[in-house]
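This report refers to the structure that appears directly beneath it.
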Amino acid sequence: MKSAATRVIGVGQPAAGDDGAGIAVVRALREGYWLPSGVEIHETTDPGQLIDLLDGIRRAIVVDALVSDERPGTIRCLAPDQLSRYPRAPFSCHGMGVAEAIGLARALAADGAGIDIRIVGVTIKPPAGYSCALSSSVAAALPLAASLILELLAGENTGTCA
Amino acid sequence: MTRTIRVDCLTRVEGEGALTIRFTGDRVSEVRLRIFEPPRFFEGLLRGRAREEAPDITARICGICPVAYQMSACHAIEDAAGVRVTGALRALRRLLYCGEWISSHCLHMFMLHAPDFLGYPDAISMAQDHAGLVRRGLRMKQAGNTIMSTIGGREIHPVNVKPGGFYRTPATGELRALLPELTWARDAALETVADIARFEFPEFERDYEFVALRHPQEYPFCEGRIVSSKGLDIDIHDFDSAFQEEQVAHSTALHAVIRGRGAYVCGPLARINLNFNRLRPVVREAAERAGFGVPCRNPFRSILARSLEVLQAIDEAIAIIGSWTPPVQAALELPHTPATGYGCTEAPRGILMHRYEVDGDGLIRDARIVPPTSQNQKSIELDLLRIAGRLAGMPHEQAVWLAEQTVRNYDPCISCATHFLKLDIERG
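Chains A and B, in that order, are what the protein sequence lines are.
No gaps in the numbering here: position 151 of the first sequence is 595 in this note's numbering, and each next residue is one more.
No gaps in the numbering here: position 144 of the second sequence is 147 in this note's numbering, and each next residue is one more.
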């Protein structure tokens, strides 16, 4: 039985500077915004946890940092199939990337009613070391990411903005 | 004429390495499992650290088998201090180890190895057709993880283990709460053994020397003598006299061999071959129904051995919890004695040896760690050398598939041994 809940899931490692952007976005959402009923906020440092978090629900928004050549702080909204544009980690038991975890969750959901997943990505430069702080350009982009998630939750943005 | 088949990455293994198979005509001229994972220097950074830190520092060598590192480290430190952990604390260690075996084996069987047998490039594609199997595997793995988080404080790199015992022991109710899911998992494990027994296993056998711990009564986890299928039977303190590690130019991981004899194999297949009569009755019966006889010399059937060990670990976990009586104290005190201690335990991938020289202040003066993957490296190369003749006649994609499957039989953890494997098949 699918839960009616929509989950907004922040993924990242807050100790690796801008890699924690996804976590920072969901924390900002939880603390500073009114959320529609039935919306659960989750955060995880382990993409593998997405398999459980994406199980048994109809809709999810995954928020993560994206490494690309674009300007840091650029916000992207992607469908799962568009993740292939970005570098992927190899599938191994030492770790599963966000794309692999989402792929597995979708495959497992395919025998049921399926699951609608959107990925909100905050563009970052590759993390250079340990830091619990976000760079100014990424920190400045948090409100924009939060607004986009609120639009998606309200059904005001049903497409992909990539 | 030179023919080179090149594959950029062998996935579903741990760590960074590469595999090259070179053919001259139809003859295999070279097989090299090249490991270029940078050396990690754990043995060096342990020097000067307090003995109590060894379990948590070495646990960081691996995110899949941290408990194995903690157990070998604890046993070695306790050996140096002349202390033996018994009773409920010993049982709790076995239970924690059960959790790791269940978790590590399920991840390898369902997510990394089963796609080879069922004809899928990865678990994601396999899940589209076999969602039930993957869901079952993930739930069984979670049952193992929950044991680890209940006893160890968290699933990965537990924080509750110390030489002499634990920082905190669980209340009876905390352990009993695990029983309903473990009871489900035991049925799921029986179903899994039957499912895996129906896989098609490539015909392949070699005259291996299997090496594992053997305990007078139990299927081995933390204690026993090191025995082999070719007559080795030694106390763990004699490890250095029987085994040696060799440097090879193409690998940053050392190759371990039995002195005067060469390559050997440790891990699930070795354990089950050498300890079949120590398995719990439900496991022996399942093995019989699955047509799994010992000695089994076909490494492709290691996935079946792994599934039987999952059943063993789940059944033992249920038994330990059923008879659990909390210990009087969470840990034994360790006297400060300058000494060298050995610890050898059965990590999911095979025997894991730790040796520490500890001074009178409880500081580590010297450390040595021999992980299972470095012990199996030479055998992986020899398997590939043996199978290479078949690869030579195969189309590229099929050859790569079989070569990768051959490596994955060992569930190699290159990160432990010293991420990513590149496979080159060169034909000339």
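Think of the CB as a built atom: it goes at the ideal place given N, C-alpha and C, for glycine as much as any other residue.
Under 7 angstroms Cβ-Cβ, which residues of chain B neighbour Ile495 (chain A)?
-> Simply Leu141.
Taking only the alpha-carbon atoms, compute the straight-line gap between Arg138 (chain B) and Leu552 (chain A) and give it to the nearest angstrom.
-> One C-alpha to the other measures close to 7 angstroms.
Can you pull the chain A residues whose beta carbon is under 8 angstroms from the beta carbon of Val137 (chain B), in chain order?
-> Listed along chain A, the residues sitting closer than 8 angstroms to Val137 (chain B) by beta-carbon distance are Leu548, Ala551 and Leu552.
Closer than 9 angstroms, Cβ to any Cβ of chain A: which residues of the stretch 181-203 of chain B, in chain order?
-> From the stretch 181-203 of chain B, no residue has a Cβ closer than 9 angstroms to chain A.
Straight-line gap, Ile67 (chain B) to Phe26 (chain B) (C-alpha atoms, nearest Å) = Cα to Cα, the separation comes out at about 35 angstroms.
9 angstroms Cβ cutoff met for Ile229 (chain B) and Ile390 (chain B) | The Cβ atoms of Ile229 (chain B) and Ile390 (chain B) lie no closer than 9 angstroms to each other.
Just the Cα atoms here: how many angstroms apart are Ser75 (chain B) and Ile372 (chain B)?
-> Distance between Ser75 (chain B) and Ile372 (chain B), taken at the CA atoms: about 9 angstroms.
Residues sharing a beta bridge with Thr488 (chain A), DSSP = Per DSSP, A:Val455.
Collapsed DSSP secondary structure at Tyr345 (chain B) in the structure displayed | Strand, per DSSP.
Short CB-CB distance (under 9 angstroms) between Glu490 (chain A) and chain B = Before going on, a small fix: residue 490 (chain A) reads as Asp here, not Glu. So, interface residue.
For Ile593 (chain A), the first and last residue of its enclosing alpha helix (DSSP H) = That run of the alpha helix (DSSP H) goes Leu586 to Ala598.
Return the CA-CA distance between Cys537 (chain A) and Pro415 (chain B), expressed in angstroms with no decimal places.
-> Low confidence applies to Cys537 (chain A): its pLDDT is 49, below 50, so where it sits in the model is not reliable enough to give any reading.
For Ile306 (chain B) and Ile199 (chain B), believed in contact at Cβ under 8 angstroms, the rounded distance | Ile199 (chain B) to Ile306 (chain B), Cβ: 6 angstroms. Contact.
On the three-pair Cβ rule with 8 angstroms, is the stretch 286-293 of chain B touching the stretch 153-168 of chain B?
-> No: fewer than three Cβ pairs fall under 8 angstroms.
Proximity below 9 angstroms, CB of Ile495 (chain A) to CB of Leu548 (chain A) = At the C-beta level, Ile495 (chain A) and Leu548 (chain A) come within 9 angstroms of one another.
Are the C-beta atoms of Asp119 (chain B) and some chain A residue less than 9 angstroms apart?
-> No - not a single Cβ of chain A is within 9 angstroms of the one on Asp119 (chain B).
For the beta strand (DSSP E) containing Ser231 (chain B), list its first residue and its last residue.
-> Counting along the chain, the beta strand (DSSP E) containing Ser231 (chain B) begins and ends at Arg228 to Ser231.
Continuous alpha helix (DSSP H) stretch holding Gln247 (chain B): start and end = Premise fails: Gln247 (chain B) lies in the beta strand (DSSP E), Phe246 to Glu249, not in any alpha helix (DSSP H).
Should Asp125 (chain B) be flagged as near chain A, meaning a C-beta pair shorter than 9 angstroms?
-> Judged by the 9 angstroms Cβ criterion, Asp125 (chain B) is in contact with chain A.
Beta carbon proximity, Cys537 (chain A) to chain B, threshold 9 angstroms | Note on Cys537 (chain A): pLDDT 49, under 50, position unreliable in the model; no value is reported.
Closest residue to Phe204 (chain B) among B:Asp241, B:Arg304 and B:Glu221 (Cα-Cα distance) | For the options B:Asp241, B:Arg304 and B:Glu221, the alpha carbon positioned closest to that of Phe204 (chain B) is the one of B:Arg304.
Got a sec, what are the start and stop residues for the beta strand (DSSP E) Asn360 (chain B) sits in?
-> Here residue 360 (chain B) is Glu; the residue named in the question, Asn, does not match the sequence. Looking at the DSSP string, the run of the beta strand (DSSP E) that includes Glu360 (chain B) is Gly353 to Val361.
For Asp560 (chain A), the three-state DSSP class (helix, strand or coil) = In the structure shown, Asp560 (chain A) sits in a strand (DSSP, three-state: E or B).
Near Pro480 (chain A), what residues of its chain come up, given a Cβ to Cβ distance below 6 angstroms and the 5 sequence neighbours on each side ignored?
-> Around Pro480 (chain A): Leu597.
Leaving out five residues on either side along the sequence, give the residues of the same chain with a beta carbon under 6 angstroms from the beta carbon of Gly167 (chain B).
-> The answer, listed in chain order, is Ala334, Leu335 and Leu337.
Neighbourhood of Lys165 (chain B) by C-beta, 8 angstroms cutoff - its chain only, sequence neighbours within 5 removed | Shown here for Lys165 (chain B): same chain residues with a beta carbon closer than 8 angstroms to its own, the five before and five after excluded, namely Glu55, Pro58, Cys77 and Ala334 in chain order.
Does DSSP put Asp462 (chain A) in a helix, in a strand, or in coil?
-> Under the three-state reduction of DSSP, Asp462 (chain A) is assigned to helix.
For His116 (chain B), which three-state DSSP category applies?
-> It is helical.
If we cut at 9 angstroms on Cβ distances, does Glu544 (chain A) have a partner in chain B?
-> The beta carbon of Glu544 (chain A) sits closer than 9 angstroms to some beta carbon of chain B.
Taking the DSSP output, what are the residues bridged to Ile367 (chain B)?
-> As DSSP reads the structure, Ile367 (chain B) sits in a beta bridge with B:Val361.
Determine the chain A residues that contact Arg130 (chain B) at a beta-carbon separation under 7 angstroms, and present them in chain order.
-> Before going on, a small fix: residue 130 (chain B) reads as Ala here, not Arg. Close to Ala130 (chain B), with beta-carbon spacing below 7 angstroms, are these residues of chain A in chain order: Leu548, Ala551 and Leu552.
Beta-carbon spacing of Leu257 (chain B), Ala245 (chain B) below 9 angstroms | Taking 9 angstroms as the cut-off, the beta carbon of Leu257 (chain B) is found no closer than this to the beta carbon of Ala245 (chain B).
Can you pull the chain A residues whose beta carbon is under 8 angstroms from the beta carbon of Ala134 (chain B), in chain order?
-> Listed along chain A are Ala551, Leu552, Ala554 and Asp555, each with a C-beta nearer than 8 angstroms to that of Ala134 (chain B).
To the nearest angstrom, report how far apart Leu592 (chain A) and Ala460 (chain A) are at their CA atoms.
-> Spanning the two alpha carbons is a distance of roughly 24 angstroms.
Below-9 angstroms beta-carbon distance, Gln380 (chain B) vs any chain A residue | Taking CB atoms only, Gln380 (chain B) has no neighbour in chain A less than 9 angstroms away.
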